[in-house]
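Asker:
Residue numbers (my numbering): 334 to 991.
1. Look at residue 556 and residue 821 and say whether their C-beta atoms are less than 8 Å apart.
2. With a threshold of 6 Å on Cβ separation, who are the neighbours of residue 817 within its own chain once the five nearest residues in sequence on each side are excluded?
3. Can you check the stretch 942–982 for any alpha helix (DSSP H) of at least 4 residues that lies completely inside it and give the ranges in chain order?
4. Considering only their Cβ atoms, is the gap separating residue 981 from residue 506 smaller than 8 Å?
5. Write down the C-beta distance between residue 454 and residue 529 rounded to the nearest angstrom, noting that I regard them as a contact closer than 8 Å.
6. To the nearest angstrom, how far is it from the Cα of residue 531 to the Cα of residue 484?
7. Considering only the beta carbon of each residue, do residue 318 and residue 563 sit closer than 8 Å?
8. Assuming residue 651 contacts residue 731 under a Cβ cut-off of 8 Å, what Cβ separation, rounded to an integer in Å, is found between them?
9. Could you spell out the range, first to last residue, of the alpha helix (DSSP H) harbouring residue 462?
10. What runs of the alpha helix (DSSP H), each 4 residues or longer, lie entirely inside the stretch 800–856?
11. Can residue 795 and residue 631 be called in contact, C-beta distance under 8 Å?
12. Do the stretch 908–920 and the stretch 535–552 make contact, defined as three or more Cβ pairs closer than 8 Å?
13. Once DSSP output is grouped into helix, strand and coil, what is the label at residue 544?
14. Output the distance between the C-alpha atoms of residue 624 and residue 846, rounded to the nearest integer angstrom.
15. Contact between the stretch 700–715 and the stretch 753–761 is defined here as three or more beta-carbon pairs at a separation below 8 Å; is this criterion met?
16. In angstroms with no decimal places, state the Cα-to-Cα distance between residue 402 and residue 388.
17. Less than 8 Å between the CB atoms is what I'm expecting for residue 509 and residue 466, so what's the real figure, rounded?
18. Could you round the C-beta distance between residue 939 and residue 813 to whole angstroms and report it? I think they count as a contact, below 8 Å.
19. Do the stretch 735–748 and the stretch 681–690 meet, that is, are 3 or more Cβ pairs less than 8 Å apart?
20. For a quick check, are the C-beta atoms of residue 382 and residue 366 less than 8 Å apart?
21. Residue 664 by DSSP, collapsed to three states: which one?
22. Report the three-state DSSP secondary structure of residue 603 (helix, strand or coil).
23. Please name the residue in 573, 633, 593 whose C-alpha comes closest to that of residue 798.
24. Could you name the residues of the same chain whose beta carbon sits closer than 6 Å to that of residue 474, not counting the 5 residues immediately before and after it, in chain order?
25. Quick check on DSSP: helix, strand or coil for residue 763?
26. Where are the alpha helix (DSSP H) runs, 4 residues long or more, that stay fully inside the stretch 689–747, in chain order?
27. Would you identify the three-state DSSP class for residue 529, choosing helix, strand or coil?
28. Is the beta carbon of residue 779 sitting closer than 8 Å to the one on residue 957?
29. Label residue 297 either buried or exposed according to how many other C-beta atoms from any shown protein chain fall within 10 Å of its C-beta, with 16 as the threshold for buried.
30. Can you tell me which of the three DSSP states residue 556 falls into?
31. Could you pull the start and end residues of the beta strand (DSSP E) that residue 631 belongs to?
32. Please report the distance separating the alpha-carbon of residue 481 from that of residue 964.
33. With DSSP as the reference, label residue 365 as helix, strand or coil.
34. DSSP three-state label for residue 551, please.
35. Whose C-beta lies closer than 7 Å to the C-beta of residue 567 among residues of the same chain, with five residues either side of it excluded?
36. State the DSSP-derived secondary structure class of residue 373, mapped to helix, strand or coil.
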């Protein structure tokens, strides 16, 4: 718009304070308001009002934002409605452009911590907490708030936001941690059942620092399986076993869950002495069921990873030859073309691609070996054509051994996926899979090839250490699956133990009955009966309770006659009823939620047993050859800050997922 013949209009009618920053000019019949700071032109018509001028002053990059609030009267703050904001931007458009922006007004007074933005408001404190939560949630470095690019982005996005320093963000993260921790305290305080705790060791990416991560696993009042990180504390390599156990006990007592503990889940290589010390401390106070028989649980996926490591170690030389063969095939387009032609000639039907494995993921090595087996004939033909470059090809006995050991790895991959991909990863799903591995190990040990049988014996030794500690817990969990009950033990144990099976099944059932009896003692149902009988015996009466308490004698009679008649317990009724039909999407927790009124005591036991995490490995780490590693963005922070960030991240993510 050509403003050469425009005339500045001075009128006594221009009462608004915004005209201190604008010149109102007239060109023909059109009135234009020109910002005195950036020279931007907006509508100056009396019908357009002044709200659009106020909004421009807030966003004007060439004037200070100090004193912005003076442009908004109390009347404007309370007003509710929408205004048309008419802008004429000569710098961006040749023609006049009208943009309509609907602005909704807040009814409440803007508090001192809020800064007015036109008709909206900016909560500085809440925005700073949102920034801290974003950093926690996504593993961002705390120092990102001091990065030049981030500062420019925030300033352009919202000029009024006061960007905090790194230290202030760290303090905000600690405040978020304290608030979220209190929420977790309250959850634990109201839990209807027990808690199982997993222990995991992490390392730092840039130094030799080690961390102990503790997480609580439980089934909540809605019968949902839940996990909450508890601690992420630094541990020194020089710590003795006593010191390690003391660190764990201190963490449990800090959370006040030592009396709520049902079991702990450790790595396969965790010292038995550490576990025994913790169990002894808890048993002294009689906090554990069955004298702690089910307290020590070892991670099933960790066991599979260790056995897979044994298998790959035995295949070390063979695996290297396979890698060299694949590298040669991939070394040039001509070699790859020749390989493809030979594959067509020998009629290879597989669609699998040859690729080098990732040594940090053992399943990728399995996939490489599996694909190589599909192309065995093609590799042989290629060696006949090019014996010089294919000198590292496997011999026939090596191919045969590769076939056998790859079948081991296939089983481990499949079972690991069942454990970590399950829609409902409760303890009941583990027993049949572990039993199948047990049976396979027995068969593998019978292999006439000493190379294979010695490998199988090595893996079986690791397995039996695990089985000795965990078989009872796995069996009890399987019994609490209404699709299996005791039948799964009766199916697998004769295959595993032959003539000794009946005695071992009886041992498991004795453990089940002992667990049931202990749960019946602490059951709210049993407590209410006992309290009622105690009140009856004491002879205490009250006029307010007469109508209810006249039947206390009946309660006593019912209790005594039921015992005399040997009425069926929850456990007896549950085992006598038919099995529930098996289906793929069966959710055992939903089943127990529905059947809690029918089996009030057994459902308490199911809540505690099914909440045990038989595996503590995250799905994304299930095939890792190394341990968990702390992100470098956080590893250099103080230990208390690291714990706050790691725990808060878990709690916030859990809240978002739910």
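Heads up, the beta-carbon is just placed ideally off N, CA and C, and yes, glycines get one too.
Answerer: Working from what's here:
1. no
2. 811
3. 965–968
4. yes
5. At roughly 46 Å, the Cβ-Cβ gap does not stay under 8 Å, so residue 454 and residue 529 are not in contact.
6. 41 Å
7. Only positions 334 to 991 of the chain appear in this structure, which leaves residue 318 out of reach.
8. 5 Å
9. 457–470
10. 820–830, 834–855
11. no
12. no
13. strand
14. 14 Å
15. no
16. Legend: pLDDT at residue 402 = 44, less than 50; position of this residue unreliable, value from coordinates given subsequently. Whole-angstrom Cα-Cα distance: 11 Å.
17. 6 Å
18. 5 Å
19. no
20. no
21. coil
22. coil
23. 633
24. 966
25. helix
26. 695–707, 709–718
27. strand
28. no
29. With the chain covering only 334 through 991, there is no way to say anything about residue 297.
30. coil
31. 629–631
32. 23 Å
33. strand
34. strand
35. 542, 544, 972
36. coil
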